[in-house]
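Participant: Right, I'll just put the structure down here and ask away after.
2 protein chains.
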Amino acid sequence: MLRAQDGVLHVLLWQRAREPHRNRWSLPGGRLRDDEDVETSIRRQLAEKVDVHKLSHVEQLSVFSEPARVPGRRTVATAFLGLVPADVDPEIPDDTAWHPLDGLPDTAFDHERITRAARDRLRAKLSYTNIGFALAPAEFTISELRRIYSAALGYEVAATNLQRVLTRRGALLPTGRTLPAGPAGGRPPALFRFTQPDLEITDPFAVLRPPAERT
Amino acid sequence: MLRAQDGVLHVLLWQRAREPHRNRWSLPGGRLRDDEDVETSIRRQLAEKVDVHKLSHVEQLSVFSEPARVPGRRTVATAFLGLVPADVDPEIPDDTAWHPLDGLPDTAFDHERITRAARDRLRAKLSYTNIGFALAPAEFTISELRRIYSAALGYEVAATNLQRVLTRRGALLPTGRTLPAGPAGGRPPALFRFTQPDLEITDPFAVLRPPAERT
DNA sequence: ACAAAAGTGTTGGGTTTACACCCATGG
DNA sequence: CCATGGGTGTAAACCCAACACTTTTGT
Chain A
7 MLRAQDGVLH
17 VLLWQRAREP
27 HRNRWSLPGG
37 RLRDDEDVET
47 SIRRQLAEKV
57 DVHKLSHVEQ
67 LSVFSEPARV
77 PGRRTVATAF
87 LGLVPADVDP
97 EIPDDTAWHP
107 LDGLPDTAFD
117 HERITRAARD
127 RLRAKLSYTN
137 IGFALAPAEF
147 TISELRRIYS
157 AALGYEVAAT
167 NLQRVLTRRG
177 ALLPTGRTLP
187 AGPAGGRPPA
197 LFRFTQPDLE
207 ITDPFAVLRP
217 PAERT
Chain S
7 MLRAQDGVLH
17 VLLWQRAREP
27 HRNRWSLPGG
37 RLRDDEDVET
47 SIRRQLAEKV
57 DVHKLSHVEQ
67 LSVFSEPARV
77 PGRRTVATAF
87 LGLVPADVDP
97 EIPDDTAWHP
107 LDGLPDTAFD
117 HERITRAARD
127 RLRAKLSYTN
137 IGFALAPAEF
147 TISELRRIYS
157 AALGYEVAAT
167 NLQRVLTRRG
177 ALLPTGRTLP
187 AGPAGGRPPA
197 LFRFTQPDLE
207 ITDPFAVLRP
217 PAERT
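Quick note, the sequences are listed as chains A and S, same order.
Going by the numbering used here, the first sequence opens with residue 7, and the numbers climb by one from there.
Going by the numbering used here, the second sequence opens with residue 7, and the numbers climb by one from there.
Quick look at the structure:
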C-alpha cells in the first residue's frame, strides 16, 4: 500500500507482535481463504486489519515462493501493489504506520524487496498509463498533481510539461472551477480531474508502432 | 511457452487425457513441490514432461486464483511466459503440439485467457526491452529478425527501422560475417547477434523523464 | 504597484516512420 | 546485364524538456 504524502512516497507497515521477526515491520496481508481469489483476499485483509476501504488501485506484483523466504512451513505469497489517494487518511491501528520509502525501518522477511518492486512498478506505469488517478484526489490542481508525481518518481517534474503530457493523452479533464488563491496571493488554480477512473494504457507503443492506416 | 514460427506466434499445448476437460488442450504445468520455487518448478515441469530444456526466457505473468476456475479442489496457479528461440525445435511428446495463437483449439480451464495475457506481455516488452533475443536464434539476419518481430507483434515491421531502433538502443551487434545469398541471388545478408543474453530494459522512460544532469 | 502563483508560447533537440536510393550477388 | 534481396541516406512528422513570458490574484 503506497501513498504520496509530504512530497515523498510512503508505505503502510505493520509492526509484528510475535516471532518470527518480532518488532520488525511487515507488509499487511494474511491467509487466502478457500472462497476468495487473491485480490478479494488482499482487499478483505486491508479492510479488516487496517481499516483501509478505499484502495484506488490494486494490482498483482509477483509471487514470492523461495522455500526459505519465511522460516517454518512452506509459504507462497502473492504480492500486491495497492494505492491510496493522497487526500484520504484512513484510520489505522496503533501498530501500523506510514513509513517513507527511503529510510525504511527493519523489515520482516523479504518485505523490503517487495516494497521496492512495488515502487518500481508504480514508477514505470506513471510514464505510460494514467495511474496517477490512483494517487491523486478526485479533483486537484496541477501543482498538487505535480507534487504527487514528483514524490512517486523521486525527482522534480515540471508542472508545465506534466499538464501537457497528460492533456495530450486525453487523461486530464478541466472542471472549469478554480480554487481561491493562496495566502500570498497569486493566480487562483484551476481544478482538474482524471478522465478515467480506472487504469488505462495511454502510451501503448514507445517504438515499433503498427504501420499507419492507409487512407 | 511461445515461439515464433512460420511468421506466426505459436504456443505449446498439451492434450488432456483425463477428465476434467478431457481432450481439450491445456498449458503445460504441474504441481509445485515443497523444495522449489515457482520458476524452478515450471522449468522442471517443462523439462520432464515435454523435454524442453532450452527456454531462453521465463517470467511470471500472473496468479489465477478464482475459486471456480478449476472444478474440484481449490487451485491457485501461477502463470508464466516462456520463450523458445525460433531455431530450436525441441522433441515433444505425441500428445503435445504447437498451435498458432489465432485459431486455438478448445482449451481447458482459463488457459486461453492466460495465453492471451502472455502474448500481450510479450508484445509490450518487444517495444521497450531487448526481449527479441529470446525469440531469435543466437545469430540471425535482419530479415529473419524482422519476420520474428512481425510474427510476435501481429503486423509487418520494416526491416530498416527495426535495425535502426535496436542499433540505437545498443542491443544489436554485427558479427562481421555474412551468409551466402539465396537461390534467387541478391546481396548476401550480414549476421547479427544480440548484445545482451538476458532481459534488459532499453527504453525506460517514454515520457516524464528525470531532469537532465546539470554539467 | 509589486510579488507570487498559475498557465501559455516557443524553441531546440532527439526519435521515429516512411520512402527513395545504392549495393552485392546469381542467373 | 538484369532481377532480386540487403542495406543506407534522407526528409517530414512528432513529441518532449526547458525556459521565457503572460495572466490573475492578494497585499
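Virtual Cβ for every residue (Gly too), placed ideally from N, Cα, C.
Would residue 15 of chain S pass as a contact of residue 158 of chain S if the rule is Cβ separation under 8 Å?
Facilitator: What you label residue 15 of chain S is simply residue 9 of the second sequence in a count that begins at 1. What you label residue 158 of chain S is simply residue 152 of the second sequence in a count that begins at 1. In this structure, residue 158 of chain S lies closer than 8 Å to residue 15 of chain S by Cβ.
Participant: Is the shortest distance between the beta-carbon of residue 66 of chain S and the beta-carbons of chain A less than 8 Å?
Facilitator: Reading the second sequence from its first residue, position 60 is the one you call residue 66 of chain S. So yes, residue 66 of chain S belongs to the interface.
Participant: Under a Cβ-count criterion, where at least 16 other Cβ atoms within 10 Å of its own Cβ denotes burial, should residue 39 of chain A be classed as buried or exposed?
Facilitator: Stepping through the first sequence from its first residue, residue 39 of chain A is reached at position 33. Residue 39 of chain A should be labelled exposed.
Participant: Skipping 5 residues on each side, what residues in its chain have a beta carbon closer than 7 Å to that of residue 11 of chain S?
Facilitator: Taking the second sequence and counting its residues from 1, the one referred to as residue 11 of chain S is at position 5. 92 and 104.
Participant: Which first and last residues belong to the alpha helix (DSSP H) in which residue 122 of chain S is found?
Facilitator: Your numbering for residue 122 of chain S matches position 116 in the second sequence. From DSSP, the alpha helix (DSSP H) with residue 122 of chain S extends over 117 to 134.
Participant: How many whole angstroms separate the CB atoms of residue 190 of chain A and residue 101 of chain A, which I take to be in contact at a CB cut-off of 8 Å?
Facilitator: Counted from its first residue, the first sequence places residue 190 of chain A at position 184. Counted from its first residue, the first sequence places residue 101 of chain A at position 95. That belief does not hold up - the Cβ atoms of residue 190 of chain A and residue 101 of chain A are roughly 40 Å apart, past 8 Å.
Participant: Just mark residue 131 of chain S as buried or exposed, buried being the case when its beta carbon has 16 or more other beta carbons within 10 Å.
Facilitator: As a working mapping, residue 131 of chain S is identified with position 125 in the second sequence. By the neighbour-count rule (16 or more Cβ atoms within 10 Å), residue 131 of chain S is buried.
Participant: What are the start and end residues of the beta strand (DSSP E) that includes residue 84 of chain A?
Facilitator: As a first step, residue 84 of chain A is located in the first sequence; it is residue number 78 there, counting from the start. 83 to 89 is the extent of the beta strand (DSSP E) around residue 84 of chain A.
Participant: In the DSSP assignment, find the alpha helix (DSSP H) that holds residue 46 of chain S and state where it starts and stops.
Facilitator: Indexing the second sequence from 1 puts residue 46 of chain S at position 40. Element bounds for residue 46 of chain S: 44 to 56.
Participant: Do you know how far the Cα of residue 150 of chain S is from the Cα of residue 230 of chain A?
Facilitator: Nothing can be reported for residue 230 of chain A: it is not among the residues displayed for chain A, which extend from 7 to 221.
Participant: So what does DSSP say about residue 62 of chain A, is it helix, strand or coil?
Facilitator: The count along the first sequence starts at 1 and reaches residue 62 of chain A at position 56. Here residue 62 of chain A sits in coil by DSSP.
Participant: CA-CA distance, residue 46 of chain S and residue 86 of chain S?
Facilitator: Within the second sequence, the letter at position 40 stands for residue 46 of chain S. Within the second sequence, the letter at position 80 stands for residue 86 of chain S. Spanning the two alpha carbons is a distance of roughly 11 Å.
Participant: Does the contact criterion of 3 or more C-beta pairs under 8 Å hold for the region 193 to 210 of chain S versus the region 134 to 148 of chain S?
Facilitator: Because the criterion of three Cβ pairs below 8 Å is met, the region 193 to 210 of chain S and the region 134 to 148 of chain S touch.
Participant: Check whether the Cβ of residue 6 of chain S lies closer than 8 Å to any Cβ atom in chain A.
Facilitator: Only positions 7 to 221 of chain S appear in this structure, which leaves residue 6 of chain S out of reach.
Participant: Counting only C-beta atoms, is residue 121 of chain A closer than 8 Å to chain S at any point?
Facilitator: Counting from one through the first sequence, the residue named residue 121 of chain A turns up at place 115. For residue 121 of chain A, the answer is no, since every Cβ of chain S falls outside 8 Å of its Cβ.
Participant: Within 10 angstroms of its Cβ, does residue 94 of chain S collect 16 or more other Cβ (buried), or is it exposed?
Facilitator: If you number the second sequence from 1, residue 94 of chain S lands on position 88. Exposed, since its Cβ has fewer than 16 Cβ neighbours within 10 Å.
Participant: Out of curiosity, what's the CA-to-CA distance linking residue 207 of chain A and residue 69 of chain S?
Facilitator: Position 201 of the first sequence, counting from 1, holds the residue named residue 207 of chain A. Position 63 of the second sequence, counting from 1, holds the residue named residue 69 of chain S. About 21 Å.
Participant: Per DSSP, what kind of secondary structure is residue 141 of chain A in: helix, strand or coil?
Facilitator: The sequence position of residue 141 of chain A within the first sequence is 135, counting from 1. Coil, per DSSP.
Participant: If you draw a straight line from the C-alpha of residue 126 of chain A to the C-alpha of residue 83 of chain A, how long is it?
Facilitator: Counting from 1 along the first sequence, the entry for residue 126 of chain A is found at position 120. Counting from 1 along the first sequence, the entry for residue 83 of chain A is found at position 77. If I take the Cα positions, the gap works out to 19 Å.
Participant: Which residues in chain S sit within 9 Å of residue 214 of chain A, going by Cβ to Cβ distance?
Facilitator: On the first sequence, residue 214 of chain A is found 208 positions in, with the first residue counted as 1. Within 9 Å Cβ-Cβ: 132, 133, 155, 159, 163, 167, 168 and 171.
Participant: My assumption, with CB atoms under 8 Å, is that residue 165 of chain A sits in contact with residue 152 of chain A. Please give the rounded CB distance.
Facilitator: Here residue 165 of chain A refers to the residue found at position 159 of the first sequence. Here residue 152 of chain A refers to the residue found at position 146 of the first sequence. Right, their Cβ atoms sit about 4 Å apart.
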